[in-house]
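Participant: Let me begin by handing over the structure; questions about it come next.
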Ligand code: NAP
Ligand code: BGC
Ligand code: ZN
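Numbering (our numbering), first residue to last: 47 to 403.
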């Protein structure tokens, strides 16, 4: 079968030939439909994040997949089911986080992430997975099912942000998303359904397709070149929730100041090391005297994927049409990895739902 991988020492995805995997007990064989590309994939390709499987000198990419069960192999699934795989797998044997269904809370070293760290990803004609990590999706979502994984990331982050505000009566009205990449825009669409007023910060000038999407949702675009985060309360309002999805390491510190009293800041970006000066005393005081919460969040579990399936079904068609800028057959995978201002969310197609091989 064909797969898309990067070889050790290279930064170029290429098509490679691999044997079709065979499911072990408890695993199903899945025919891949589509696999999305996000900022993390670019970090994996450049070597900035993640790591190869220990025994191989290549890494099959991709962690945002949707496929069709080809062989249920005695599991509770049925051939023909449309499924989305979760990302984390047991590294070497079980551990408490996997045992209780919360692999997303496992610390570094106690998980592999398919396509990211220690395990091959889903960019291949077929993949196998334990059935416990396959979430079924209605057939009508087969084409867009690759968006379930990124949506699940926000389902988790918001669950944790809400939990941090559950000890008192919190009635948030406004939310600010930092970053107009695919994660930021998906999150903004989710926030549109919940908050009275939403804002999205980017660094792009008009005309730009992401600004069009932001405004078409009724949200306000904040250009960080004109309005720095600490100026947002005066220019607009102090948001009750700030969701960081830029990976720009100064943003968390600027956000503590901008947040409304009793607000919560959710951090999703994964920056490299960067030393800079901050007024730690001021930020410390601000967080304490205004009861502000800061929540870091990574990955997601089966429950978040299930919630994400419902959320995906609720998102508007015009928004999704504008978000998905390209779906390319795997032979043309280079186009899917183009990372400039003309692309938002790209995906690679391995087969079609209707196809039978
Ligand atoms: P992405 O496509 O690279 O999006 C990042 C966006 O942030 C881009 O639109 C970028 O703008 C914008 N940005 C960066 N620096 C900025 C600045 N200084 N001011 C204003 N805007 C800025 O990545 P993504 O896939 O959406 O993911 C977003 C981040 O979340 C990444 O760091 C990724 O690693 C992380 N992530 C984390 C998780 C998790 O589980 N915690 C899951 C998925 C992704 P331009 O495009 O104009 O450069
Ligand atoms: C993936 C998560 C993963 C995180 C850190 C994200 O892009 O969507 O599943 O946990 O990267 O590797
Ligand atoms: Zn991702």
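Virtual Cβ for every residue (Gly too), placed ideally from N, Cα, C.
As the structure is a computational prediction, the values presented were derived from the model and not from experiment.
Buried or exposed: residue 403, going by 16 or more other Cβ atoms within 10 Å of its Cβ?
Facilitator: For residue 403, the pLDDT reaches just 49, beneath the cut-off of 50, and the residue's location in the model is therefore unreliable, leaving the point undetermined.
Participant: Quick check on the DSSP output: the beta strand (DSSP E) that includes residue 384 runs from which residue to which?
Facilitator: Segment: none, residue 384 is in no beta strand (DSSP E) and carries neither H nor E.
Participant: Locate the beta strand (DSSP E) running through residue 73, then write down its first and last residues.
Facilitator: 73-83
Participant: So residue 260 is in the alpha helix (DSSP H); what residue range does that whole segment cover?
Facilitator: 255-262
Participant: Going along the chain, which residues put their C-beta within less than 7 Å of some heavy atom in the ligand ZN?
Facilitator: 84, 86, 109, 110, 195, 196, 199
Participant: Since residue 290 contacts residue 313 with CB under 8 Å, what's their CB separation in whole angstroms?
Facilitator: 5 Å
Participant: Identify the residues that DSSP records as bridge partners of residue 173: which are they?
Facilitator: Secondary-structure assignment with DSSP links residue 173 through a beta bridge to 76.
Participant: Between the alpha carbons of residue 79 and residue 336, how many angstroms are there, rounded?
Facilitator: Linking residue 79 to residue 336 through their CA atoms gives a straight-line distance of about 48 Å.
Participant: Could you check what DSSP says for residue 275 in three-state terms: helix, strand or coil?
Facilitator: helix
Participant: Between residue 157 and residue 135, is the Cβ-Cβ spacing less than 8 Å?
Facilitator: yes
Participant: Would the beta-carbon of residue 303 fall within 8 Å of that of residue 263?
Facilitator: no
Participant: Distance, Cα to Cα, residue 100 vs residue 165?
Facilitator: If I take the Cα positions, the gap works out to 8 Å.
Participant: Which residue's Cα is closest to the Cα of residue 371: 360, 285, 384?
Facilitator: 384
Participant: Tell me, to the nearest whole angstrom, how far the beta carbon of residue 270 is from that of residue 288; I am working on the premise that it is less than 8 Å.
Facilitator: In fact, because the Cβ distance is near 13 Å, the residues do not count as touching under 8 Å.
Participant: Please name the residue or residues paired with residue 48 in a DSSP beta bridge.
Facilitator: 63
Participant: Would you mind reading off the limits of the alpha helix (DSSP H) that contains residue 331?
Facilitator: 326-335
Participant: Using 7 Å as the cut-off, classify the Cβ of residue 76 as near or not near the heavy atoms of the ligand NAP, replying yes or no.
Facilitator: no
Participant: Keeping to the same chain, check which residues put their C-beta closer than 7 Å to that of residue 118; ignore five residues upstream and five downstream.
Facilitator: 74, 124, 125
Participant: Is residue 247 near the ligand NAP, judged by its Cβ being under 7 Å from some heavy atom?
Facilitator: Yes, Cβ of residue 247 sits closer than 7 Å to a heavy atom of the ligand NAP.
Participant: Relative to the ligand NAP, is the shortest distance from any of its heavy atoms to the C-beta of residue 93 smaller than 7 Å?
Facilitator: Within 7 Å of the C-beta of residue 93 there is not a single heavy atom belonging to the ligand NAP.
Participant: Suppose you measure from the CA of residue 208 to the CA of residue 361; what does that come to, to the nearest Å?
Facilitator: 21 Å
Participant: Count the other CB atoms within 10 Å of the CB of residue 56; is the residue buried (16 or more) or exposed (fewer)?
Facilitator: exposed
Participant: With distances taken Cα to Cα, identify the nearest neighbour of residue 22 among 319, 130, 66.
Facilitator: This structure cannot speak to residue 22, because the chain is shown only from 47 to 403.
Participant: Between residue 82 and residue 401, what straight-line distance do the alpha-carbon atoms span, to the nearest angstrom?
Facilitator: 20 Å
Participant: If we require 4 or more residues per run, which alpha helix (DSSP H) segments fall completely within the stretch 163-229?
Facilitator: 194-210
Participant: Looking only at its own chain, which residues have a Cβ that is under 7 Å from the Cβ of residue 351, when we skip the five neighbours before and after it?
Facilitator: 130, 132, 181, 194, 198
Participant: Assign residue 348 to one of three DSSP states: helix, strand, or coil.
Facilitator: helix
Participant: Check residue 141 in the structure and name its three-state DSSP category.
Facilitator: coil
Participant: Report the option in 63, 188, 160 whose CA atom is closest to the CA atom of residue 112.
Facilitator: Checking every option, the nearest Cα to that of residue 112 belongs to 188.
Participant: I need the straight-line Cα distance from residue 162 to residue 109, nearest angstrom please.
Facilitator: 7 Å
Participant: Since residue 97 sits in a beta bridge, which residues does DSSP pair it with?
Facilitator: According to DSSP, residue pairing for residue 97 in a beta bridge involves 163.
Participant: State buried or exposed for residue 328, treating a residue as buried only when at least 16 other CB atoms are found within 10 Å of its CB.
Facilitator: exposed
Participant: What's the call for residue 153, buried or exposed, on a 16-neighbour Cβ count within 10 Å?
Facilitator: Residue 153 counts as exposed, since fewer than 16 other beta carbons sit within 10 angstroms of its beta carbon.
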